[in-house]
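Below is one structure, written out as structure tokens, with a few remarks after it.
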Amino acid sequence: MVLAASTPSVATQLFGSGLIGLREGLEAGIVVMILAAFLVKSDSRSNLKWLWLGVGAAVAMVLAVFAGIHYGTSTISGLAAEAVAGVASLIAVVIVTGMVLWMRGAAAHLSADLRRGMSQAVELGGVAVASLAFFAVGREGLETALLMVGYAENASNSNWPLLGLLLGILVAVALTVALYLGAVRISLTKFFRYTGALLVVVAAGILAYGIRALQTVGWLPGIDDLAFDVSAHYDQSSWYGTTLAGLFNLRPDPTVLQVIAWVLYLVVVLTLFLRVRRPETSPSSAAVDQTPASREPEPKGKQ
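In the numbering used here, each residue's number is its place in the sequence shown (first place is 1) plus 1.
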């Protein structure tokens, strides 16, 4: 989603969307893995069909949202398209910021919360199990859908971002299965910290783009007030130009309002995201450095 003449390179599109697919897919995969493992070890296998029904419904909902936004905006043009893209960008920033900050605080007790929620859902019945799976997976999927709308728009109707997303999700599925089986172990703390920080930078670029779009339609002032213009020394069609545009929505002639919003967002959100957290209890803190899967499948091997 960049107001620029160049289109991001294939590699950039694949990397950017693949990163989104990997992170969000692994988040959703870990959620499903915890819920499924709980049902298996609590002798509630009959509820697995309800779990997969909820997951399937969440995936269908996410696909519908993505298709509705993407193909809906493709039917309009001019200032109307800029207005829709600008508003969608700001909504995406709010959701992504909330999810990144939420995951940072919830990672330590995510597994316990999900198991507790599933225990209550099992007592209420299959519909409750499906609903829990739907909302848990759908929350991750909506974030992915909103982020991917930006990449699809930026790619000028190219299918490469969607391919990158699919590849990232496939890798996430493979990692989730490997984690469940105990074939690999990763530090979720480090994984979500590094990818979360990168997503914050990506979100800052989406914020800047949304502001520029709303300035273009006149909803925000300052479209002619450029902070700087290095177009003469910045080749937007070069490898670095397309990479920076594709990943972070950077352009050589941002407005003053764009730069202010970009800087303030990064300073505030990265400070909140990277600040040192004092663990409430040692066991809870230590548990974050092992995947929930490394603890969940143990009873599975005893069956």
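Here a beta-carbon is modelled for each residue, glycine too, at the ideal position from N, C-alpha and C.
- In this structure, residue 197 keeps its C-beta atom at 8 Å or more from the C-beta atom of residue 251.
- A direct Cα-to-Cα measurement between residue 228 and residue 38 gives close to 53 Å.
- When secondary structure is reduced to three states using DSSP, residue 227 falls in the strand class.
- Residue range 111–125 is occupied by the alpha helix (DSSP H) that includes residue 121.
- Note on geometry: alpha-carbon atoms of residue 234 and residue 246 lie some 15 Å from one another.
- Residue 256 is bridged by DSSP to 227.
- Residue 25 counts as buried, since at least 16 other C-beta atoms from the protein chains shown sit within 10 angstroms of its C-beta.
- Secondary structure note for residue 98: its alpha helix (DSSP H) is the uninterrupted segment 79–107.
- Taking all protein chains in view, the Cβ of residue 266 is crowded by 16 or more other Cβ atoms within 10 Å, so the residue is classified as buried.
- A residue is called buried when at least 16 other Cβ atoms come within 10 angstroms of its Cβ; residue 275 does not meet this threshold and is exposed.
- Closest in C-alpha terms to residue 138, from the list 94, 67, 27 and 78, comes 27.
- In this model, residue 249 and residue 45 are separated by some 45 Å (Cα to Cα).
- Our two residues, residue 112 and residue 79, have alpha carbons roughly 47 Å apart in a direct line.
- In the displayed model, residue 222 falls within coil according to three-state DSSP, outside both helix and strand.
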